[in-house]
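Enquirer: Numbering-wise (the numbering used here), the sequence shown opens with residue 4 and increments by one.
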Amino acid sequence: MIKEEIDFKGFSLNGFLMLFISIVVFAGCAYLLHLAVPKDNDLLIALSVTGIVLSLMTLPGYFALEPNEALIMIFFGKYSGTFKNTGFYWVNPFYAKKKVSLRARNLDVEPIKVNDKIGNPVLIGLVLVWKLKDTYKAMFDIDAQTMASSGRTTTINNAVASRMSAFENFVMIQSDAALRQVAGQYAYDDTEHNSNELTLRGGGEEINEQLEQKLNERLAMAGMEVVEARLNYLAYAPEIAAVMLRRQQASAIICAREKIVEGAVSMVSMALQKLSEEGVVELDEEKKAAMVSNLMVVLCADEAAQPVINAGTLNH
């Protein structure tokens, strides 16, 4: 039993050639009928009518395919293959034909609220590029017909649009599930300043690759393939955004202070070393401690230091 896409191997003919043959048969039979009626030739009338009916019955067999389109052939409920040749063709009119598009399509998934690894609610969205890979699975392994429309479709173009819309709806639901799964495995940000921990905010390509892998695993059953998937929105949920912003600001201030202290200590050490090496002044431990204290206050202060002239001695 067929479980995957196969190429259509049935009889097919160039549509223009078959159209020419049908017109010739129709015109010839109509002319014979015109001759047979006055003579009451029942046999010739029957043959003419049969030829006209047969030529008219060929009309449903014509179809045209553009590049990256496919036609799924079904013969009385049995899958007969997928026709992918572009152009104007004719096949047995008793084949039911389902047209689908093989072109790449964009899908922008609106941001959804999920909990990250440590339970913080975040808003996360993605954009992906997908296309059909296996027309058999797309048509028969998921209930595309029910999802597409509950009523009768009037035109082929409407049928294709409705069918592709059903596929897109399936991709969107699976994308939502995959996004929740991936987001729940990682924290939004590195709260412990551990550079080895993968996070949603700093994961970049690794997060995108895992998201693409999860999506392909979910969509493989429906014959669909994700060409590319990227996070396009990431933020804390509104209810904790203000609190987490303060945490980020505090973290930034601490990091800045660390750099300032590190630089101040280096400058003070260099100043003491230069004074000692060049013999500018001899300082005892008490004077060095006072100098270090004053320099650290000046270098680490938020505002510029105000100069104060000591009118007394160094000790007072």
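For glycine and all other residues, C-beta sits at the position ideal for the given N, C-alpha and C.
(1) Within 10 angstroms of the Cβ of K42, are there 16 or more other Cβ atoms? Answer buried if so, exposed if not.
(2) At the level of alpha carbons, what is the spacing between S269 and I263?
(3) On the criterion of 16 or more Cβ atoms from any shown chain inside 10 Å, does E242 qualify as buried, or is it exposed?
(4) Considering only the beta carbon of each residue, do L110 and S58 sit closer than 8 Å?
(5) Determine, using beta carbons only, whether V322 and R166 come nearer to each other than 8 Å.
(6) Count the C-beta pairs between the region 174 to 189 and the region 198 to 214 that are closer than 8 Å, then say yes if the count reaches three, no if not.
(7) Roughly how far, in whole angstroms, is the beta-carbon of L298 from the beta-carbon of A274, given that I think they are within contact range, below 8 Å?
(8) According to DSSP, simplified to helix, strand and coil, what is N17?
(9) What residues match up with N118 in a beta bridge as DSSP calls it?
(10) Look at the alpha carbon of P124 and the alpha carbon of W133, and state the distance between them as a whole number of angstroms.
(11) By DSSP, does K6 sit in helix, in strand, or in coil?
(12) Mind checking whether Y239 and Y189 have CB atoms under 8 Å apart?
(13) Return the residue from the list P96, L278 and L131 that minimises the CA-CA distance to G13.
Expert: From the atom records:
(1) For the purposes of this step, residue 42 is taken as the residue at position 39 of the sequence shown. With fewer than 16 Cβ atoms within 10 Å of its Cβ, K42 is classed as exposed.
(2) In the sequence shown, counting from the first residue as 1, residue 269 sits at position 266. In the sequence shown, counting from the first residue as 1, residue 263 sits at position 260. Looking at the two C-alpha atoms, the distance is approximately 10 Å.
(3) As a first step, residue 242 must be located in the sequence shown, where it is residue number 239. Label assigned to E242: exposed.
(4) Against the sequence shown, residue 110 aligns to sequence position 107. Against the sequence shown, residue 58 aligns to sequence position 55. Contact flag unset, no.
(5) Here the chain has residues from 4 to 319 only, and residue 322 is not among them.
(6) Using a Cβ-Cβ distance cut-off of 8 Å, the region 174 to 189 and the region 198 to 214 are in contact, since at least three pairs of beta carbons, one from each stretch, lie closer than that value.
(7) Position 295 of the sequence shown, counted from the first residue, corresponds to residue 298. Position 271 of the sequence shown, counted from the first residue, corresponds to residue 274. About 7 Å; that satisfies the 8 Å criterion.
(8) As a first step, residue 17 is located in the sequence shown; it is residue number 14 there, counting from the start. Of the three classes helix, strand and coil, the one that applies to N17 here is strand, per DSSP.
(9) In the sequence shown, residue 118 corresponds to position 115, counting from 1. DSSP, once it has assigned bridges, lists P124 as partnering N118.
(10) Along the sequence shown, one-based indexing puts residue 124 at 121. Along the sequence shown, one-based indexing puts residue 133 at 130. Cα to Cα, the separation comes out at about 28 Å.
(11) Locating residue 6 in the sequence shown gives position 3, where the first residue counts as 1. Coil, per DSSP.
(12) Numbered from 1 along the sequence shown, position 236 holds the residue referred to as residue 239. Numbered from 1 along the sequence shown, position 186 holds the residue referred to as residue 189. No, they are not a contact pair.
(13) As a working note, residue 13 is residue 10 in the sequence shown. When only C-alpha atoms are compared, the closest one is P96.
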